[in-house]
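Undergrad: Can you keep this structure in mind? I'll have questions shortly.
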Amino acid sequence: MKIRSVIAFVSCFVVFSSVDAFTADMPSKPHAKAVIQIWLWGGPSHLDIFDPKPDAGYDYCGPLGKPIQTNVEGIKIGELLPLLAKQADKYSLIRSVTHGSNAHETAAYMMQTGHEPGVGLTYPTLGALVSYFRGYSNGYKGLIPPYIVLTEGQGRFAEEGFLGPKYKPFVTGGDPSKTPFEVEGVVAKGISDQRQKDRRELLKSLDSLGKAIPDNPDFALLEKCRTGADQLILGNERKVFDLSEESAATRDKYGRNKFGQSCLAARRLVERGVRHITINYSGWDTHKQQFTIFNRKLPELDQGLAALLQDLSDKGLLDSTIVLCYGEFGRAPKIGWEAPWNGGRGHYGKCFSALVAGGGFKGGRVVGASDATGENVLERPVYPQDLIGSVLELLGIDPDAKMPNDKGLDIKIMPSKENGPGKGRLKEIM
Numbered sequence: 000m001k002i003r004s005v006i007a008f009v010s011c012f013v014v015f016s017s018v019d020a021f022t023a024d025m026p027s028k029p030h031a032k033a034v035i036q037i038w039l040w041g042g043p044s045h046l047d048i049f050d051p052k053p054d055a056g057y058d059y060c061g062p063l064g065k066p067i068q069t070n071v072e073g074i075k076i077g078e079l080l081p082l083l084a085k086q087a088d089k090y091s092l093i094r095s096v097t098h099g100s101n102a103h104e105t106a107a108y109m110m111q112t113g114h115e116p117g118v119g120l121t122y123p124t125l126g127a128l129v130s131y132f133r134g135y136s137n138g139y140k141g142l143i144p145p146y147i148v149l150t151e152g153q154g155r156f157a158e159e160g161f162l163g164p165k166y167k168p169f170v171t172g173g174d175p176s177k178t179p180f181e182v183e184g185v186v187a188k189g190i191s192d193q194r195q196k197d198r199r200e201l202l203k204s205l206d207s208l209g210k211a212i213p214d215n216p217d218f219a220l221l222e223k224c225r226t227g228a229d230q231l232i233l234g235n236e237r238k239v240f241d242l243s244e245e246s247a248a249t250r251d252k253y254g255r256n257k258f259g260q261s262c263l264a265a266r267r268l269v270e271r272g273v274r275h276i277t278i279n280y281s282g283w284d285t286h287k288q289q290f291t292i293f294n295r296k297l298p299e300l301d302q303g304l305a306a307l308l309q310d311l312s313d314k315g316l317l318d319s320t321i322v323l324c325y326g327e328f329g330r331a332p333k334i335g336w337e338a339p340w341n342g343g344r345g346h347y348g349k350c351f352s353a354l355v356a357g358g359g360f361k362g363g364r365v366v367g368a369s370d371a372t373g374e375n376v377l378e379r380p381v382y383p384q385d386l387i388g389s390v391l392e393l394l395g396i397d398p399d400a401k402m403p404n405d406k407g408l409d410i411k412i413m414p415s416k417e418n419g420p421g422k423g424r425l426k427e428i429m
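With the first letter of the sequence shown counted as 1, position 78 gets the number 77 in numbering that gives the first Met the number 0; the numbers rise by one all the way through.
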């Protein structure tokens, strides 16, 4: 089995294991320790999920025109989300997110970093920032990298930005609903531990150059990296990816599908101390036949996310774990019925929704509002830097502090209010 990806992460940890020179001014009592970001890759339709408009008519609602009441009076959500409707006291909905971009790459960049593109710098994502401030520069010593992506990378841009490769996420690959969950460089189907050990002994026996110059610092560093990789592959750390340790009832509760089991894996990673987990849940770019797709995808989202929220709450982890659920933008409120769309929606960055929970975010609240058709922000616009800045504050990271960089630039972690459209943090739900 190839172990290059594991060695790469271990080598980054070894080379940069000292505390970084830059640290942000941090509030003394952060609420949150970890983040689980459910990234609805492609842009989910806000009208059919978190901001239904039953009075707008069939050209806006389509067949999903009967929203359901949640367990919080006055809050209704899409009719295909009955399990999440029972959990509304645990999360808040933001119905006025906006940035105005309808391009996947640009919108994803803004929603992941809080910064506008095109300034000559690639800023780090929220996950990379958490990895920096709450990971390696905050005493993180685990062999599992502090920033994990389940199960495929986005590939839109370099998530680590100018922070460097140490803060790049570890992308697991594989499918956690399969047995085994084949994690890139860590778990491989059909290869026993003994075979892994035999391979390593053979590799050592062939390393004549390393033996000839044993005091060479580069070879010593490589050996340290190999040792760390071996510990991850053959030690107890890898068991976090073994979902067979969970009961059948627990696995059923999350849903026996890739997304549901990714949510379960995320909970296990939080228990192990991982700081940021992104679940890249693809399939939300519904230009065509959206309602056929949603009859399958919304029940998956409903089951997996509702189980995650309940499980974190039952285990006493929700208070210290932020859960985020949104994509790069929403979908056009007016449905395209004509061919070839046949009931699809286009990209829409003017107004859309997000779900936030845990880690200091209050539950049972709605922030902002869209108009009667969901096309425009009616009140309390929320910009990407407002959302990400609020998450950072709950993690004890000052979003107005200086951003670490090796270019000597005087830039802030989040854009300053005078240099951007943001109107402040989400204090009403923090």
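Beta carbons: idealized from backbone N, C-alpha and C, even for Gly. As the structure is a prediction and not an experimental result, all values here were calculated from the model.
My output table needs one value for G343: the three-state DSSP class, helix, strand or coil.
TA: Locating residue 343 in the sequence shown gives position 344, counting from the first residue. G343 falls in the strand class under three-state DSSP.
Undergrad: Just checking my contact of P66 with G77 at CB under 8 angstroms: how many whole Å lie between their CB atoms?
TA: Position 67 of the sequence shown, counted from the start, is the residue given in the question as residue 66. Position 78 of the sequence shown, counted from the start, is the residue given in the question as residue 77. Yes, P66 and G77 are in contact; Cβ-Cβ is about 6 angstroms, under 8 angstroms.
Undergrad: If I follow the unbroken alpha helix (DSSP H) through F360, where does it start and stop?
TA: Here residue 360 corresponds to residue number 361 of the sequence shown, with the count starting at 1. Careful: F360 lies outside any alpha helix (DSSP H) and carries neither H nor E.
Undergrad: Do R364 and S95 have their CB atoms nearer than 9 angstroms?
TA: Counted from its first residue, the sequence shown places residue 364 at position 365. Counted from its first residue, the sequence shown places residue 95 at position 96. Result no, Cβ atoms of R364 and S95 do not sit closer than 9 angstroms.
Undergrad: So what does DSSP say about M429, is it helix, strand or coil?
TA: Here residue 429 corresponds to residue number 430 of the sequence shown, with the count starting at 1. Residue state, collapsed to three classes: coil.
Undergrad: Use the C-beta contact count for V118: other C-beta atoms within 10 angstroms, 16 or more gives buried, fewer gives exposed.
TA: If you number the sequence shown from 1, residue 118 lands on position 119. By the 10 Å Cβ count, V118 comes out exposed.
Undergrad: Let me know the secondary structure DSSP gives G434 once reduced to three states.
TA: The question about residue 434 has no answer here: the residues shown for the chain are numbered 0 through 429.
Undergrad: How would you write the range of the alpha helix (DSSP H) that N294 sits in, first residue to last?
TA: Looking up residue 294 in the sequence shown gives position 295. Unbroken alpha helix (DSSP H) run through N294: Q289 to D313.
Undergrad: Based on DSSP bridge pairs, tell me the residues matched to E159.
TA: Within the sequence shown, the letter at position 160 stands for residue 159. E159 pairs with nothing; no bridge assigned.
Undergrad: Would you say the segment 34-41 touches the segment 318-338, given that touching needs at least three Cβ pairs under 8 angstroms?
TA: Taking 8 angstroms as the limit for Cβ pairs, the verdict is that the segment 318-338 does touch the segment 34-41.
Undergrad: DSSP on P414, reduced to helix/strand/coil?
TA: The count along the sequence shown starts at 1 and reaches residue 414 at position 415. In the structure shown, P414 sits in coil (DSSP, three-state: anything other than H, G, I, E or B).
Undergrad: Run through DSSP, which three-state label would A356 get?
TA: Residue 356 sits at position 357 when you count from the first residue of the sequence shown. The answer is strand: DSSP assigns A356 an E or B state.
Undergrad: Quick one: Cα of L125 to Cα of P216, how far?
TA: The residue labelled residue 125 in the question sits at position 126 within the sequence shown. The residue labelled residue 216 in the question sits at position 217 within the sequence shown. In a straight line, the C-alpha of L125 is about 35 angstroms away from that of P216.
Undergrad: Got a sec, what are the start and stop residues for the alpha helix (DSSP H) R94 sits in?
TA: As a first step, residue 94 is located in the sequence shown; it is residue number 95 there, counting from the start. Segment Y90 to V96 is the beta strand (DSSP E) holding R94; no alpha helix (DSSP H) there.
Undergrad: Given this structure, state the Cα-to-Cα distance separating G134 from I212, to the nearest angstrom.
TA: One-based indexing of the sequence shown puts residue 134 at position 135. One-based indexing of the sequence shown puts residue 212 at position 213. Going from the Cα of G134 to the Cα of I212 covers about 35 angstroms.
Undergrad: Near C11, what residues of its chain come up, given a Cβ to Cβ distance below 7 angstroms and the 5 sequence neighbours on each side ignored?
TA: Here the question's residue 11 lines up with position 12 in the sequence shown. Residue placement at C11 is poorly supported in this model, since its pLDDT is 45, which falls under 50; the coordinates still yield a value, given next. Taken in chain order, the residues that qualify are P164 and K165.
Undergrad: Using the beta-carbon count (16 or more within 10 Å), is G339 buried or exposed?
TA: Residue numbering aside, residue 339 sits at position 340 when the sequence shown is read from its first letter. Looking at the sequence shown, residue 339 is not Gly but Pro. Per the 10 Å Cβ criterion, exposed.
Undergrad: So the beta strand (DSSP E) Q260 belongs to, where does it begin and stop?
TA: The residue you call residue 260 lines up with position 261 of the sequence shown. Where Q260 is concerned, there is no enclosing beta strand (DSSP E), although the alpha helix (DSSP H) it sits in stretches over K257 to E270.
Undergrad: Please return the same chain residues whose Cβ sits closer than 6 angstroms to the Cβ of L300, not counting the five positions on each side in sequence.
TA: Locating residue 300 in the sequence shown gives position 301, where the first residue counts as 1. If we look at L300 and ignore the five residues flanking it on each side, it has no Cβ neighbours.
Undergrad: Classify P383 as helix, strand or coil using the three-state DSSP reduction.
TA: If you number the sequence shown from 1, residue 383 lands on position 384. DSSP places P383 in helix when its eight states are reduced to three.
Undergrad: Are H103 and G42 close, meaning C-beta to C-beta below 9 angstroms?
TA: What you label residue 103 is simply residue 104 of the sequence shown in a count that begins at 1. What you label residue 42 is simply residue 43 of the sequence shown in a count that begins at 1. Yes, these two residues count as a Cβ contact at 9 angstroms.
Undergrad: Could you compute how far the alpha carbon of A31 sits from the alpha carbon of E158?
TA: If you number the sequence shown from 1, residue 31 lands on position 32. If you number the sequence shown from 1, residue 158 lands on position 159. Taking the straight line joining both Cα atoms gives about 22 angstroms.
Undergrad: Should T69 go down as buried or exposed, given a rule of 16 or more other Cβ atoms within 10 Å for buried?
TA: Working through the sequence shown from its first residue, we reach residue 69 at position 70. Buried, since its Cβ has 16 or more Cβ neighbours within 10 Å.
Undergrad: Is it the case that the Cβ atoms of G345 and V390 are separated by a distance below 9 angstroms?
TA: Within the sequence shown, numbered from 1, the residue matching residue 345 stands at position 346. Within the sequence shown, numbered from 1, the residue matching residue 390 stands at position 391. Against a cut-off of 9 angstroms, the Cβ pair of V390 and G345 comes out as no contact.
Undergrad: Per DSSP, which one or two residues make a beta bridge with K401?
TA: Residue mapping note: residue 401 aligns to position 402 of the sequence shown, counting from 1. K411.
Undergrad: Let me know the secondary structure DSSP gives G367 once reduced to three states.
TA: Indexing the sequence shown from 1 puts residue 367 at position 368. Reduced to three states, the DSSP call for G367 is coil.
Undergrad: Would you call the segment 142-162 and the segment 276-285 touching, i.e. three or more CB-CB distances under 8 angstroms?
TA: These segments touch.
Undergrad: Can you say whether T112 is buried or exposed, counting buried as having 16 or more other CB atoms within 10 angstroms of its CB?
TA: Position 113 of the sequence shown, counted from the start, is the residue given in the question as residue 112. Burial call: buried.
Undergrad: Could you tell me if N235 is buried or exposed, where buried requires 16 or more neighbouring beta carbons within 10 angstroms of its beta carbon?
TA: For the purposes of this step, residue 235 is taken as the residue at position 236 of the sequence shown. By the 10 Å Cβ count, N235 comes out exposed.
Undergrad: Please report the straight-line C-alpha distance between K314 and K238, rounded to a whole angstrom.
TA: Taking the first residue of the sequence shown as 1, we reach residue 314 at position 315. Taking the first residue of the sequence shown as 1, we reach residue 238 at position 239. Going by the C-alpha atoms only, they are around 19 angstroms apart.
Undergrad: For Y146, name the three-state secondary structure that DSSP assigns.
TA: The count along the sequence shown starts at 1 and reaches residue 146 at position 147. Y146: strand per DSSP, three-state reduction.
Undergrad: Could you give the distance in angstroms between the alpha-carbon of D50 and the alpha-carbon of K361?
TA: Residue 50 sits at position 51 when you count from the first residue of the sequence shown. Residue 361 sits at position 362 when you count from the first residue of the sequence shown. Distance between the alpha carbons of D50 and K361 is about 19 angstroms.
Undergrad: Got a sec, what are the start and stop residues for the beta strand (DSSP E) A33 sits in?
TA: The count along the sequence shown starts at 1 and reaches residue 33 at position 34. Looking at the DSSP string, the run of the beta strand (DSSP E) that includes A33 is A33 to W40.
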